[in-house]
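First the structure, in the form of structure tokens, and then the observations on it.
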Amino acid sequence: MTGNVWGYRDTSGHLAGADLTGYKVEATDGSIGKVDKHSEDIGSAYIVVDTGPWIFGKEVLLPAGTVSRVDADEQKIYVDWTKDQIKAAPEFDKDTHLGNEDYHRQVGGYYDRPHGV
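Under my numbering, read the sequence shown as residues 92 to 208, first letter to last.
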């Protein structure tokens, strides 16, 4: 991935101000959960996904740049990463990681690299 990992792609179909809470999130190889929280802050936009039974009791933070497509009609968000790649990302704890600049850099570094590296 190149460019700003913390911003939605112009081609994603994301509409500023849209409430994405509850949207289903699809990795390239299947569903990973639903959006629990999201932010559109310039330079730090993200979605927090409640993974439910997929990663039991866990949430993952995905920078907006991982979103390849937003389908408002179906209330689905598609990301261009696999389940295993997302599972291998830095662990997320909303109580300690939201707004934490070091965590932000760590996650940004993970997702702003070629897939599979």
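Glycine included, every Cβ here is placed at the ideal spot set by N, Cα and C.
Residues that DSSP places opposite residue i in a beta bridge
i	result
K115	K125 and K167
V139	K128 and L152
D162	K167
Proximity to residue i [Cα-Cα], best of the options
i	options	result
A179	D193, K149 and D162	K149
A87	A136, H188, D110 and T102	Residue 87 lies beyond the stretch modelled for the chain, which goes from 92 to 208, so this question has no answer here.
F147	G199, H129 and I123	I123
D52	D132, Q197, S159 and V198	The question about residue 52 has no answer, for the chain in this structure spans 92 to 208.
H206	H129, G190 and T173	T173
S130	G121, D141 and T112	T112
L225	V126, L106, G121 and G108	Because the chain here runs from 92 to 208, residue 225 falls outside it and cannot be looked at.
I177	D141, G190, E165 and D186	D141
Limits of the unbroken alpha helix (DSSP H) element including residue i
i	result
D175	K174 to K178
H105	Segment: none, H105 is in no alpha helix (DSSP H) and carries neither H nor E.
H195	E192 to Y202
D101	Run containing D101: none; DSSP gives neither H nor E here.
D186	K185 to H188
- Query: For the 8 Å Cβ check, are there 3 or more pairs between the region 160 to 176 and the region 117 to 137?
  - Reply: yes
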